[in-house]
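Quick note, our numbering runs 68 ahead of the 1-based positions in the sequence shown. The C-beta atom is built at its ideal place from N, Cα and C for all residues, glycine as well.
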Amino acid sequence: MIEVVLNDRLGKKVRVKCNEDDTIGDLKKLVAAQTGSRADKIQIHKWYTKYKHHITLKDYDIHDGMGLELYYN
69 MIEVVLNDRL GKKVRVKCNE DDTIGDLKKL VAAQTGSRAD KIQIHKWYTK YKHHITLKDY
129 DIHDGMGLEL YYN
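Here it is in structure tokens:
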């Protein structure tokens, strides 16, 4: 299990526990459950890289304690 920190830059930080084999889509569903928003309206970025929903966290080299950016559509 790893813990990922997502910051929406509006004052809200979300800590999500997930597995390295989970996809970005699974991570979006976990974030949506904690924030109360819809999973299809969430985008996850790191700098200028927009993460695609079908690729695993391990493939993106997302590790324990890593911070990501959270955007809403």
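Contacting residues, own chain, Cβ-Cβ under 6 Å from residue i (five flanking each side not counted)
i, result
"histidine 121", "Ile92 and Gly93"
Under the three-state DSSP convention, the category residue i falls into
i, result
"isoleucine 92", "helix"
"lysine 120", "coil"
Residue span of the beta strand (DSSP E) that contains residue i, given as start and end
i, result
"tyrosine 139", "135-140"
"isoleucine 112", "110-114"
"leucine 125", "Leucine 125 -> no beta strand (DSSP E), and no H or E assigned at all."
Residues that residue i bridges to, as DSSP identifies them
i, result
"leucine 74", "Val82 and Leu136"
Residues of its chain near residue i, where Cβ-Cβ distance is below 7 Å and the 5 sequence neighbours each way are ignored
i, result
"isoleucine 130", "Val72"
Pair within 7 Å by beta-carbon distance, residue i and residue j
i, j, result
"isoleucine 112", "leucine 78", "no"
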